[in-house]
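Colleague: Just passing along the structure, written as structure tokens.
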Amino acid sequence: MSIRTVLVDDEPLATQGLQLRLQAFDDVEIVGTAANGREAIRQIKTHKPDLVFLDIQMPGFDGFSVIQGLMDVEPPLFVFVTAFGEHALRAFDAQAVDYLMKPVDEDRLAATMDRVRQRLNEKRSAEESERLKEALEQHAPEAAEELADATPDAHAASRYEKMINIKDQGQIFRVDVDTIERIDAAGDYMCIQTGENTLILRETMKDLEKRLDPRRFQRVHRSTIVNLDLVRQVKPHTNGECFLVLDSGAQVKVSRSYRDVVARFVH
Amino acid sequence: MLEGQASTAQLAMLRYQLNPHFLFNTLNSISTLVLLKQTERANAMLARLSSFLRYTLANEPTAKVTLAQEVETLKLYLEIEKMRFEDRLRPHFRIEPETIGARLPSLLLQPMIENAIKYAVTPAENGADIWITAKPEGQAVRIEVADNGNGEGAEISATQSTGVGLANIRDRLSQAYGGAHRFETRQNEHGGFSVILEIPFETGETVS
Chain A
26 MSIRTVLVDD
36 EPLATQGLQL
46 RLQAFDDVEI
56 VGTAANGREA
66 IRQIKTHKPD
76 LVFLDIQMPG
86 FDGFSVIQGL
96 MDVEPPLFVF
106 VTAFGEHALR
116 AFDAQAVDYL
126 MKPVDEDRLA
136 ATMDRVRQRL
146 NEKRSAEESE
156 RLKEALEQHA
166 PEAAEELADA
176 TPDAHAASRY
186 EKMINIKDQG
196 QIFRVDVDTI
206 ERIDAAGDYM
216 CIQTGENTLI
226 LRETMKDLEK
236 RLDPRRFQRV
246 HRSTIVNLDL
256 VRQVKPHTNG
266 ECFLVLDSGA
276 QVKVSRSYRD
286 VVARFVH
Chain B
108 MLEGQASTAQ
118 LAMLRYQLNP
128 HFLFNTLNSI
138 STLVLLKQTE
148 RANAMLARLS
158 SFLRYTLANE
168 PTAKVTLAQE
178 VETLKLYLEI
188 EKMRFEDRLR
198 PHFRIEPETI
208 GARLPSLLLQ
218 PMIENAIKYA
228 VTPAENGADI
238 WITAKPEGQA
248 VRIEVADNGN
258 GEGAEISATQ
268 STGVGLANIR
278 DRLSQAYGGA
288 HRFETRQNEH
298 GGFSVILEIP
308 FETGETVS
């Protein structure tokens with residue numbers, strides 16, 4: 026299956042260089058090129074590519090603004106390409122698939138493309154299973170229900186991130202979501218508690234919630250998300266509230282409004 | 108004596124610092140030319156880049172060069188940048204002949220050009236013009252680097268760059284001339300940003 030690709034760089038020679046290097050990959054189909062951020066947004070909205078190679082320093086909108094300008098469409102995969110490494114942290118923050126340095130090394134590009142293919146496969150199989158489910162629901166709703174019960178859908182899970190990047194004090198930590206015990210909100214920051222460690226992430230609770238599998242990560246309080254797999258004990262309290270004891274021994278209060286939700290998961 | 112050493116050390120810190128973005132983007136362009144098998148262009152770019160690097164590495168921070176030499180280096184640099192930006196970068200030199208023998212600290216003007224490229228050329232889809240003018244002004248030489256970047260670019264230049272490149276120029280001027288110089292920035296008649304220097308007109312004999 027071909028990978029429809031858009032190249033974005035304000036320097037014509039840089040675009041050409043990437044184009045030449047990508048010729049080595051039979052599955053890459055370049056559907057458009059853009060020389061500035063504004064054009065990039067238009068090309069991406071028109072062609073709906075699978076993949077975008079994006080220069081960071083550009084006229085008008087820079088690379089990061091391009092990503093922001095695409096909030097209202099299904100985002101393609103982004104690979105940042107830059108001359109000098111100072112934007113690496115922000116690129117990971119922007120959920121880039123990869124981050125390449127100019128001039129781009131061929132072997133390094135091959136590794137990037139492997140990563141892109143893997144991500145696309147995950148994305149496509151998730152979409153495919155979603156389509157099948159919808160078709161089934163339309164034509165045979167009972168069968169669909171049975172299917173949903175029988176397969177606690179492996180595909181749906183793959184839509185959620187297994188590892189999340191957390192930038193803390195200038196370093197990037199890759200955190201396996203399995204190890205996250207709970208997440209506490211503190212103002213504009215989220216404190217990710219992994220049992221051993223606390224990491225600070227600047228993100229809203231709402232956005233973070235979207236990145237995590239809701240069957241495992243449940244909001245139990247206005248400012249707390251809990252990993253249900255790591256709940257070891259439920260202790261009732263007054264006023265319909267209760268406490269959860271987590272694997273590390275930490276106790277988390279479940280507010281009344283979330284009590285029913287939790288009861289469905291913890292038996 | 109001690110004072111002299113201290114000021115040499117300070118000058119060494121203030122010497123021109125090669126911009127890594129410039130270096131890697133240029134290497135990237137040359138790499139593309141090689142892939143395109145445009146060997147002559149690639150070779151010409153390598154020769155220019157080598158000359159420019161040699162100039163930036165070889166010059167003592169305290170060394171003074173003639174304006175003619177400084178302008179040659181700026182042209183070398185601009186030719187390299189033109190390979191990347193093509194028609195988006197439009198430099199214009201207006202150097203009055205009587206100023207070309209004037210001596211000034213080497214690479215003093217380089218950050219002014221880089222500044223104009225960064226804040227006027229790069230952010231604009233159609234790029235920008237850059238005017239480099241030098242003329243005698245009484246006992247001084249007046250040098251101006253002007254661009255026609257949009258108002259927004261000028262505003263950014265006025266705030267951000269004074270923190271880095273332009274502050275460096277200011278310090279080097281103080282080191283070289285004490286109070287006997289002028290340095291100012293302004294919004295120019297092209298709607299862009301200008302940096303203006305006035306330095307004493309020194310010729311070959313007066314080595315400081």
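These protein sequences, in sequence, are chains A and B. Under the numbering used here, the first residue of the first sequence carries the number 26, and numbering increases by one thereafter. Under the numbering used here, the first residue of the second sequence carries the number 108, and numbering increases by one thereafter. Backbone N, C-alpha and C fix where the C-beta goes; we use that ideal spot for every residue, glycine too.
With respect to the beta strand (DSSP E) encompassing L271 of chain A, which residues constitute its N-terminal and C-terminal limits?
Modeller: The sequence position of residue 271 of chain A within the first sequence is 246, counting from 1. Its beta strand (DSSP E) spans residues 267–271.
Colleague: If we ignore side chains and look at the alpha-carbon of each, how far apart do Y214 of chain A and Q246 of chain B end up?
Modeller: Counted from its first residue, the first sequence places residue 214 of chain A at position 189. Counted from its first residue, the second sequence places residue 246 of chain B at position 139. The alpha-carbon atoms of Y214 of chain A and Q246 of chain B are separated by roughly 60 Å.
Colleague: Can you confirm whether A39 of chain A, when its beta carbon is compared against all beta carbons of chain B, has any partner nearer than 8 Å?
Modeller: For the purposes of this step, residue 39 of chain A is taken as the residue at position 14 of the first sequence. With 8 Å as the cut-off, A39 of chain A counts as an interface residue toward chain B.
Colleague: Distance cutoff 8 Å, beta carbons only. Does L45 of chain A sit that close to anything in chain B?
Modeller: Position 20 of the first sequence, counting from 1, holds the residue named residue 45 of chain A. Closer than 8 Å: yes.
Colleague: At the 8 Å Cβ level, is A210 of chain A part of the contact set with chain B, yes or no?
Modeller: Position 185 of the first sequence, counted from the start, is the residue given in the question as residue 210 of chain A. A210 of chain A does not count as touching chain B.
Colleague: Could you tell me which chain A residues have their CB closer than 7 Å to the CB of N135 of chain B, listed as they occur along the chain?
Modeller: Numbered from its first residue, the second sequence carries residue 135 of chain B at position 28. What N135 of chain B touches in chain A: A39, G42, A108, K127, P128.
Colleague: Output the boundary residues of the beta strand (DSSP E) element that contains Y185 of chain A.
Modeller: Looking up residue 185 of chain A in the first sequence gives position 160. Neither: Y185 of chain A is in no beta strand (DSSP E) and is coded neither H nor E.
Colleague: Could you check if P212 of chain B is buried or exposed, using at least 16 other CB atoms within 10 Å of its CB as the buried criterion?
Modeller: The sequence position of residue 212 of chain B within the second sequence is 105, counting from 1. With 16 or more Cβ atoms within 10 Å of its Cβ, P212 of chain B is classed as buried.
Colleague: Three-state secondary structure (DSSP) at D201 of chain A?
Modeller: What you label residue 201 of chain A is simply residue 176 of the first sequence in a count that begins at 1. Correct three-state label for D201 of chain A: strand.
Colleague: Label T229 of chain A either buried or exposed according to how many other C-beta atoms from any shown protein chain fall within 10 Å of its C-beta, with 16 as the threshold for buried.
Modeller: Residue numbering aside, residue 229 of chain A sits at position 204 when the first sequence is read from its first letter. Exposed is the call here.
Colleague: Please say whether V277 of chain A and V259 of chain A have beta carbons closer to each other than 8 Å?
Modeller: As a working note, residue 259 of chain A is residue 234 in the first sequence. As a working note, residue 277 of chain A is residue 252 in the first sequence. Not a contact, by the Cβ cut-off of 8 Å.
Colleague: Would a check of beta-carbon distances place P261 of chain A closer than 8 Å to chain B?
Modeller: Position 236 of the first sequence, counted from the first residue, corresponds to residue 261 of chain A. So, not an interface residue.
Colleague: Scan the segment 72–103 of chain A for residues whose Cβ lies nearer than 9 Å to a Cβ of chain B and list them as they occur along the chain.
Modeller: Q82, M83, P84, G85, D87
Colleague: Could you give the first and the last residue of the continuous alpha helix (DSSP H) run that contains E147 of chain B?
Modeller: The residue given as residue 147 of chain B occupies position 40 in the second sequence. If you look at E147 of chain B, you'll find it in the alpha helix (DSSP H) that goes 146–165.
Colleague: Kindly indicate which three-state DSSP category S301 of chain B falls into: helix, strand or coil?
Modeller: For the purposes of this step, residue 301 of chain B is taken as residue 194 along the second sequence, with counting starting at 1. DSSP places S301 of chain B in strand when its eight states are reduced to three.
Colleague: Keeping to the same chain, check which residues put their C-beta closer than 6 Å to that of G274 of chain A; ignore five residues upstream and five downstream.
Modeller: The sequence position of residue 274 of chain A within the first sequence is 249, counting from 1. For G274 of chain A, where only same-chain residues beyond five positions count, there are no Cβ hits under 6 Å.
Colleague: For R249 of chain B, write down the residues that DSSP places opposite it in a beta bridge.
Modeller: As a first step, residue 249 of chain B must be located in the second sequence, where it is residue number 142. DSSP lists B:K242, B:E305 as partners of R249 of chain B.
Colleague: Could you give the distance in angstroms between the alpha-carbon of V270 of chain A and the alpha-carbon of V91 of chain A?
Modeller: The sequence position of residue 270 of chain A within the first sequence is 245, counting from 1. The sequence position of residue 91 of chain A within the first sequence is 66, counting from 1. When rounded, the distance between both Cα atoms is 44 Å.
Colleague: Kindly list, in the order they appear in chain A, the residues whose Cβ is closer than 8 Å to that of N132 of chain B.
Modeller: Position 25 of the second sequence, counted from the first residue, corresponds to residue 132 of chain B. Per Cβ cutoff of 8 Å: E36, A39, A108, K127.
Colleague: Go ahead and pull the three-state DSSP assignment for F50 of chain A.
Modeller: Taking the first residue of the first sequence as position 1, residue 50 of chain A is located at position 25. The answer is coil: DSSP assigns F50 of chain A none of H, G, I, E or B.
Colleague: So if I threshold CB-CB distances at 9 Å, which residues from the segment 187–203 of chain B count as touching chain A?
Modeller: M190, R191, F192, E193, R195
Colleague: Measuring alpha carbon to alpha carbon, tell me which residue in A:S27, A:S280, A:N61, A:E186 is nearest R236 of chain A.
Modeller: To locate residue 236 of chain A, count along the first sequence from 1; it is residue 211. Considering only alpha carbons, the answer is A:E186.
Colleague: Tell me whether G57 of chain A sits in a helix, a strand or coil according to DSSP, three-state version.
Modeller: Against the first sequence, residue 57 of chain A aligns to sequence position 32. G57 of chain A falls in the strand class under three-state DSSP.
Colleague: At the 8 Å Cβ level, is S213 of chain B part of the contact set with chain A, yes or no?
Modeller: Start at 1 with the first residue of the second sequence, and residue 213 of chain B comes out as number 106. Not one chain A Cβ lies under 8 Å of S213 of chain B.
Colleague: Which of the residues in the segment 49–74 of chain A, read from start to end, lie with their CB under 7 Å from any CB of chain B?
Modeller: Those would be N61, in chain order.
Colleague: Kindly indicate which three-state DSSP category Y214 of chain A falls into: helix, strand or coil?
Modeller: Here residue 214 of chain A refers to the residue found at position 189 of the first sequence. Y214 of chain A: strand per DSSP, three-state reduction.
Colleague: In three-state terms, what does DSSP make of H72 of chain A?
Modeller: Numbered from its first residue, the first sequence carries residue 72 of chain A at position 47. H72 of chain A: helix per DSSP, three-state reduction.
Colleague: Smallest Cα separation from F50 of chain A: which of A:A59, A:K70, A:M138?
Modeller: For this step, residue 50 of chain A is matched to residue 25 along the first sequence. Each of A:A59, A:K70, A:M138 was checked against the Cα of F50 of chain A, and the nearest Cα belongs to A:M138.
Colleague: Tell me the rounded alpha-carbon separation between D118 of chain A and A210 of chain A.
Modeller: As a working note, residue 118 of chain A is residue 93 in the first sequence. As a working note, residue 210 of chain A is residue 185 in the first sequence. Cα to Cα, D118 of chain A sits roughly 19 Å from A210 of chain A.
Colleague: Whose C-alpha, out of A:D254, A:D285, A:I191, A:R241, is nearest the C-alpha of P261 of chain A?
Modeller: Here residue 261 of chain A corresponds to residue number 236 of the first sequence, with the count starting at 1. Ranking A:D254, A:D285, A:I191, A:R241 by Cα distance to P261 of chain A puts A:D285 first.
Colleague: For S138 of chain B, go through chain A and note every residue whose CB falls closer than 7 Å to its CB, in chain order.
Modeller: Locating residue 138 of chain B in the second sequence gives position 31, where the first residue counts as 1. Within chain A, the residues near S138 of chain B are G42, P128.
Colleague: Name the chain A residues that come within less than 7 Å of A231 of chain B, Cβ to Cβ?
Modeller: As a first step, residue 231 of chain B must be located in the second sequence, where it is residue number 124. Under the 7 Å cutoff, chain A gives P84.
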